Every structure is written in C-alpha cells, then in structure tokens.
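Participant: Got a structure here, written out as structure tokens. Questions coming.
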Amino acid sequence: MTAAVTDGHAVRADEIVVRFGAQTVLDRATMHLAAGEVVALVGPSGTGKSTLLRVIAGIVSPDAGRVVIDGVDVTTSPTHRRGVGMVFQDNQLFPHRRVVDNVAFALQMRGVSKHERHSVASEWLGRVGLDGYGQRRVQGLSGGEAKRVALARSMAAAPKVVLLDEPLTGLDRDLHDRLATDLAALLRDTSTTALLVTHDHSEAATIADRTVALADLQSSS
Amino acid sequence: MDRAGARVIRPPAWLVVALATIPIAALALFYAWPLATLFAETLGTDAVADTVRRPTTREVLWFTFWQAVVSTGATIAIGLIPAWLLARFDFHARAVVLGTLTAVFVLPTVVVGGAVLAVLPESIERSTWAIVIAHVLFNIAVVVRLVGALWERLPTDLGAAAATLGAGPWRTFRFVTLPLLRPALLATASAVFVLTFTSFGVIRIVGAPGTRTVEVEVWRRATQLGDIAGAAVLTIIQLVVLGLVLGAAALLQRRWTIALDLAPTRRRRVRTTRERQTVGVVASVTMAVVAIPLVAMVVASFSSPTGWTLAGWTNLDGGEIRPGLRVGVDSMAAITASLRFAAWATLFAVIVGGLASLAIAATQRAGRLLDVGLTLPIATSAVTIGLGLLITFDAPPVDWRAEWWLVPVGQALVAVPFVVRAIVPTLRAIDPALLAAAGTLGASPARAWRAVVLPMAGRPLVAAAGIAAAISLGEFGATSMLSRTGDQTLPLAIESLLGRTGSSLQAQGYALATLLAAITVVLMIAAERTTDR
Chain A
1 MTAAVTDGHA
11 VRADEIVVRF
21 GAQTVLDRAT
31 MHLAAGEVVA
41 LVGPSGTGKS
51 TLLRVIAGIV
61 SPDAGRVVID
71 GVDVTTSPTH
81 RRGVGMVFQD
91 NQLFPHRRVV
101 DNVAFALQMR
111 GVSKHERHSV
121 ASEWLGRVGL
131 DGYGQRRVQG
141 LSGGEAKRVA
151 LARSMAAAPK
161 VVLLDEPLTG
171 LDRDLHDRLA
181 TDLAALLRDT
191 STTALLVTHD
201 HSEAATIADR
211 TVALADLQSS
221 S
Chain B
222 MDRAGARVIR
232 PPAWLVVALA
242 TIPIAALALF
252 YAWPLATLFA
262 ETLGTDAVAD
272 TVRRPTTREV
282 LWFTFWQAVV
292 STGATIAIGL
302 IPAWLLARFD
312 FHARAVVLGT
322 LTAVFVLPTV
332 VVGGAVLAVL
342 PESIERSTWA
352 IVIAHVLFNI
362 AVVVRLVGAL
372 WERLPTDLGA
382 AAATLGAGPW
392 RTFRFVTLPL
402 LRPALLATAS
412 AVFVLTFTSF
422 GVIRIVGAPG
432 TRTVEVEVWR
442 RATQLGDIAG
452 AAVLTIIQLV
462 VLGLVLGAAA
472 LLQRRWTIAL
482 DLAPTRRRRV
492 RTTRERQTVG
502 VVASVTMAVV
512 AIPLVAMVVA
522 SFSSPTGWTL
532 AGWTNLDGGE
542 IRPGLRVGVD
552 SMAAITASLR
562 FAAWATLFAV
572 IVGGLASLAI
582 AATQRAGRLL
592 DVGLTLPIAT
602 SAVTIGLGLL
612 ITFDAPPVDW
622 RAEWWLVPVG
632 QALVAVPFVV
642 RAIVPTLRAI
652 DPALLAAAGT
662 LGASPARAWR
672 AVVLPMAGRP
682 LVAAAGIAAA
692 ISLGEFGATS
702 MLSRTGDQTL
712 PLAIESLLGR
722 TGSSLQAQGY
732 ALATLLAAIT
742 VVLMIAAERT
752 TDR
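Top to bottom, those sequences are chains A and B. The opening residue of the first sequence carries number 1 in our numbering; numbering runs sequentially from there. The opening residue of the second sequence carries number 222 in our numbering; numbering runs sequentially from there.
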C-alpha cells in the first residue's frame, strides 16, 4: 500500500490539518507515541483534542497531514483496517447486544469462533472487575460498569493503540478515582500503547506516562 | 406547571358534544352499521361453508398472501437504499428526491399501475412481476419515511465504534444498523403488507387476466357474479388474516423494542469525492427508477403505431360513431363525473373531518376514541367499505343504492382520516395561554374558543380539502363497488381503457392517467403549501 516508516514509534500523527467549514480545528498538529507508552493529551474542551483522536482512528479524515500506525501510513485507510481500539466519551455500547457480545465484537469481526471469543471476552470482563456480567443487557449497567465494558470491548482484540476520548468524564469523584487507578494498572499490565484525551490534569497524571498540551502540538500557537 | 395544566380553558362540554354529533352519526351510519350488517348477514349462513370449501378461495388467498410477502420484501430491500441516502446525507437534490418518492405514494393506484404498464416490455407487462414492480414503486416512500425517521437519529458514533472494532461498512450495517432498525422495519413491513395484501387498482391494471387477490375476487363476486354473500365472507376472511398479521407484528414489536439514546438528526454534508460519487449515483438511480415509468406514461399518451399523435388527448368523446354508441370511453363524461363526485366527497369529508377535528382537539380521552374510530376506515379496505354500503342500503326505507350521493359518501369515508390528520396537529399546537388571555378579557369559554381556535382552523381546513379532493379523485376500490353505469369516474375509465386492445384506446387511457396524476400532484402540493405558510 504505502512505504513503511520505521522509526520505533507506534503512532505518528504528522502535521494534521482539519477544517470544518471556515473554522480550522487542527492546524498542523503533530504528535508521536512510542510503543507501550501512555500519553495524555490535555487542553480545554472544544479545542480539537477529540478531533485529533478521531483523525488517528480514521473517523475524521484530515485536510492535510499523515497518520502512521506501526510503521504503516494509514492516512487513507478506513477505520476498520487500522487496528485501533477506542473508548468513546458516551461509551457507544451496542444496545441490542448483551455485555459479552459487546466485548467479543472485535473478535467476531476477525472470524474467531463463538466459543473462543466468549471465553476471551469473559476473561476481559474479569480483568475489568465485571466477572459474571456477560449475560446482562447493557441498558441495565451503571455508569461505571458501562465504562468498564467499553474499555474491555476496545482492548479485547489487542489493538495496536487504544484511544480514550474523555473516558472518565461525568462520573462521580469516588468512582472516577477508582476507575482512573484501575485503568492505569490495566494499560501498564498489558503494555498497551494508549492516547488519553482529557481536560483533567490530575487524571492525566494518574494514568499517563507523559502529558502534552494540544496547544504545544500545533504550529501557529 | 401543574396548576396551569389543570386550569386550561376548554370549550364547554355542550359545544364539544354538538361538534362531535355529526361525525359520530356519519361514522355509525356509513361505517359501523354497514360493517355490522356485513358480519350479521353472512356469519352463520351456508355462504361461509361454501366459500371456505371452494378451491378458488384457497388459491386466491394463497396468491394474495405470497404476492404481498414478495412485494413487501422487495419494497424493503430496495427502499433501504434511498432510505440510507436520505437519512444520512445532506445534499442539494435531497428535497427533490424525497418529494418525488412521496409524490408517487400519493398518486392514485391506477396511475402507478398505468405507469408500470407503460414502461415494462410486453412480455411481462401483465404478470405477477409487474404487480410486484408496481407495489415496490408505490411503497418505497413508506420505507424512506418510516425507516428513515429512525435511521437519521441513530447515533453515528455507534457505526464509528463498530469500525474501530474492525467492522467494515457492510458488517456495520449487518451487525449494528440493521438490528437497531428492526422496530421500524417491522412497522414498515406491516404497513406495506397491509397495503399490498389489499391491493386492488394495481392488480386490475397490471395483473394478467384472471389474476385475483381477495379484493379483486370480492369485487368480481359482488359486481360481476352477483354473489354478494360469497363476497362478504371473503372480506371477513381478509379482515381476520390482516388482524392476525397485525397482532403478531404488535407482539414482535414489543419484544424488539430497544431503549435507544437517539441522537438529534444530524445529516452529514457530502465531503469527499467518493461520497459525492456515491450520493450522486444512488440519488440518480432512485430518481430514474421512480421517474422513468411516469415519463413513459406521458410518452405513451402521445404514441401510436405510426408515430406521434395527439389523438389520445383530443379524442375525448371516445370515438362516437352514432349518438350514444362509441368504440372507446367518453372521457369528458368521466372527467365531469369525477369532478362532481370529488366536489361532493370533499364537502362531506371536510364537514365530517373538520367537525371531528375540532372535537378531538378540544378533549382528551374521548377525543382520542373518536380519532381512532375515524381512522378505522383506513384499516378496512376500500372495497370492503363499498361492499358494506352496497348490502346495507339495498332495501326500503334505506334503499339508497341508486342515489347519486352514495359514491361520494364512500370516497369521503376513505378521505376523512386524512382530513383529521391534516387538521388536528395544528389545533393541538394552539397555545392554551391564548384561550386564557381571551378569558381574562371577558370572553366566555365558548366565545374564547370561537375567537381563538376557529380562525386558526381555516388554513388547515383548506389544506385538508385539497387532500380530500385528491383522494376522492383517485379513489378506485369503493368507487368500483358503488358506481353505476353512466357514472364512470376517471380511475374507472383509465382501468377500462388500459384493459382493452387498440392503440388509440391505450393512448387515451394514458392521457387520462397523465391528467389524473397532474391534478393529484397539483392538489397535494397546494395542500402542503397552504399548511407550510
């Protein structure tokens, strides 16, 4: 497809430009993640942090710039061929599927047999502290439980990078702190490369190895 | 809020009762009584056993059923493509595509049948395939409207989530979108199934000779064979079958309903070149599929074996050889009869529907009951309504079969539910504070109602009249049952002309179908403009 770019970085977003109409949301933003690194991208809301995440995921196509994942230029690849996992701010769990079938979705897309994907999904549910939740409907889950399911779903097929879009926003303080600690441990235990978008600096410090401000990534600011 | 709600000024009870009297009486006399007579005069008689035992009954039922199933499946499969386009994308011609699809749905069945007849090659122009094609063309708008309404509000991030989990567009559709659309798909399937199961005009126009659905068989038994009892039994069987299907659908619907966080409608502007190409191709193909048959119909009205001709449009007296004796159909007479019937039907429908709307909007629970009662004629087929009137008003003191007004009454029954739908939402939207304000200025509740509500009913009433006129002009089922010789309406004339051989008769039929289509579209657009202003 495209020439491989091998420089040790798991994810590179180079000189990304995104315009929505007359408004420039991202102006030549550049950011790199090393393999296994957890980076927090901070900044006030509405400044394009989530847009950068979506560009890396392929949900938003940039007006200019380049995205490289694991040495492969994926700028023009569709989302489903990029091997990313993503946790959405509002989870976006599939309401017509039970918990286990949400977690097993990526494995199902890869053609893993039902028996095997259910056993992997159950294992992941255990890892996020939801043993025995597999047969529940997602509508009955609490905010924290739904977040854990979304996390397990995004990681169950071992993506090359996990993108977390304000994953802990809107949870109450206690729950927020507990989940932040669990999330940090989980990412480290699995050596997952992850990019966390948040407006909360203490959350960033708890979870990430390194914190960057969006403003520092852009050329004109 | 609660107190304000409780203190809403309503018109006094006597006024509501007075408003509701005429609609209730009309509904009882021309709908409930005929339907009851239909049941009473047939159930328990030999006709039931005779009809059930007759092999043709089973054949007719089976054919009606499978052609409806195939038509429904094909309509949904094909309709999902424009539904996706219109639900997900914002593009320049969006309103045109949606408007054209909707226009086809409001066209009279004989016009859609005629258009399909005009476009299909001779080998399949009168066949079951032609029936299915006409049904699909007719009902695509139902899929676009009902499925589209849910589709455009499904969060797009659910699709994005599926993509990040490795699902391409097709598998996202299959594993996420389609299951979430299930409730709307079921509602669409029920609606299209009922419409195609009770299809009458389309079958009469494009079906092969001898093709009989239950509706056609009812009409044939009642008007051609004089077997009224047999016809009545068939309408009851049809009501039972439809009741079972709709009941099963309602049960499934309850099981399939998923609580969804619906997003506000957000259609995407077309951005990339590839999107632009996809949208362009799908929109063009949709327009072509819908418009080509209609264009073919217009072209056919100017065609003859030897070339272009205006004969179809000028030969309006149907080739009168000697006074009273003609080879064709007297188009002028059909146009006059149609306009006369439509004028009366519109008047009846607007009076009954208008009064009912005022009563419905002024009350809570009782109003809803009247609303449901007035909607029932939609659920009953037009042929059944016609048959009910025919067998009820056939003996003194109510021997009204020969009365000129029975045809417009039948047409009005079909139109009233649409009149109510056109008026009630506007009335319900009137701010109760206006009534309260009139009250504080010294107006009695009745006077306040007259000063505030009545003036606002004017515009929707005019719109409703347009819709009622369009419906009665195109009405075919009830009119087929009730019309007597010499009172042929446009749809009846079109069916009769297109069913005969001879190119000049065909051209005349297509000319009348074009005329009817034009009148219908103009009336519907005028009605919509009136409402929007």
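C-beta: ideal position from N, C-alpha, C; glycine also. Computed from a predicted structure; not experimentally measured.
#1: Compare the C-alpha of V645 of chain B against each of B:L655, B:A678, B:T613 and B:A657 and name the closest.
#2: For D378 of chain B and chain A, any beta-carbon pair shorter than 7 angstroms?
#3: Which residues, taken in chain order from the region 329-346 of chain B, show a beta carbon closer than 9 angstroms to some beta carbon of chain A?
#4: With the cut-off set at 7 angstroms, would you say V353 of chain B and V435 of chain B are in Cβ contact?
#5: Find the residues of chain B that neighbour A106 of chain A, judging by a C-beta separation of less than 9 angstroms, and give them in chain order.
#6: Output the distance between the C-alpha atoms of A362 of chain B and A184 of chain A, rounded to the nearest integer angstrom.
#7: Tell me which residues share the same chain as T409 of chain B and place their Cβ nearer than 7 angstroms to its Cβ, disregarding the 5 neighbours each side in the sequence.
#8: Which same chain residues end up closer than 8 angstroms to D340 of chain B when comparing Cβ atoms and leaving out the 5 residues on each side of it in sequence?
#9: Going by DSSP in three states, S142 of chain A sits in which element: helix, strand or coil?
#10: Could you pull out every unbroken beta strand (DSSP E) segment of at least 3 residues lying fully inside the region 500-562 of chain B, listed in chain order?
#11: Out of A:A40, A:A35, A:A208 and A:V149, state which residue places its alpha-carbon closest to the alpha-carbon of R136 of chain A.
#12: Measuring only the C-alpha atoms, how far is L171 of chain A from V197 of chain A?
#13: Have a look at A225 of chain B and A657 of chain B and give me their C-alpha separation to the nearest angstrom.
#14: Could you give the first and the last residue of the continuous beta strand (DSSP E) run that contains R210 of chain A?
#15: Taking just the CA atoms, how far does L256 of chain B sit from L306 of chain B?
#16: Mind listing which residues of the region 60-80 of chain A have their C-beta closer than 8 angstroms to chain B's C-betas, in chain order?
#17: Report the option in B:L406, B:V427 and B:L379 whose CA atom is closest to the CA atom of T393 of chain B.
#18: Which residue comes first and which comes last in the beta strand (DSSP E) that contains H9 of chain A?
#19: Could one say the Cβ of V397 of chain B lies closer than 7 angstroms to chain A's Cβ atoms, at least one of them?
#20: Hey, does A4 of chain A have any beta-carbon neighbour from chain B nearer than 7 angstroms?
#21: Quick check on DSSP: helix, strand or coil for H313 of chain B?
#22: Between which two residues does the beta strand (DSSP E) carrying T434 of chain B extend?
#23: Mind checking if V364 of chain B is an interface residue toward chain A, Cβ cutoff 7 angstroms exclusive?
#24: Considering I69 of chain A, what are the terminal residues of the beta strand (DSSP E) in which it resides?
#25: Under 7 angstroms between the Cβ atoms of A564 of chain B and Q709 of chain B?
#26: Are F312 of chain B and V619 of chain B close, meaning C-beta to C-beta below 7 angstroms?
#27: What does the alpha-carbon distance come out to for the pair L719 of chain B and P712 of chain B?
#28: Below 7 angstroms between beta carbons: does that hold for S348 of chain B and A429 of chain B?
#29: With DSSP run on the structure shown, which of helix, strand or coil describes T266 of chain B?
#30: What is the DSSP secondary structure of G451 of chain B, counted as helix, strand or coil?
#31: Would L481 of chain B count as contacting chain A if we go by Cβ distances under 7 angstroms?
#32: Beta-carbon separation of A194 of chain A and A156 of chain A under 7 angstroms?
#33: Does G134 of chain A come out as helix, strand or coil in the three-state DSSP assignment?
#34: Given a cut-off of 7 angstroms on the beta-carbon distance, is the pair G43 of chain A and L214 of chain A in contact?
#35: Starting from the beta carbon of V84 of chain A, find every residue of chain B whose beta carbon is closer than 8 angstroms, and list them in chain order.
#36: Kindly give me the distance between the Cβ atoms of L401 of chain B and R153 of chain A, rounded to whole angstroms, as I take these residues to be in contact under 8 angstroms.
Facilitator: In this structure, then:
#1: B:A678
#2: yes
#3: none
#4: no
#5: T385, L386, G387 and A388
#6: 52 angstroms
#7: I297, V363, V364, L367 and V368
#8: Correcting the residue type first, residue 340 of chain B is Val in the shown sequence and not Asp. Closer than 8 angstroms at Cβ, skipping near neighbours: I513, P514, A517 and M518.
#9: coil
#10: 541-543
#11: A:V149
#12: 16 angstroms
#13: Summary for A225 of chain B: the model assigns pLDDT 41, below 50, so the residue's position carries little reliability; its value from the coordinates is reported in the next sentence. For A225 of chain B and A657 of chain B, the distance between alpha carbons rounds to 10 angstroms.
#14: R210 to A213
#15: 43 angstroms
#16: S61, P78, T79 and H80
#17: B:L379
#18: H9 to F20
#19: yes
#20: Bear in mind that the predicted position of A4 of chain A carries a pLDDT of just 49, short of 50, making it unreliable; the figure below should be weighed with that in mind. Cβ-Cβ to chain B under 7 angstroms: no for A4 of chain A.
#21: coil
#22: Element bounds for T434 of chain B: n/a, residue is neither H nor E.
#23: no
#24: A64 to I69
#25: no
#26: no
#27: 11 angstroms
#28: yes
#29: coil
#30: helix
#31: yes
#32: no
#33: coil
#34: yes
#35: T385
#36: Incorrect: roughly 17 angstroms between the Cβ atoms, too far for contact.
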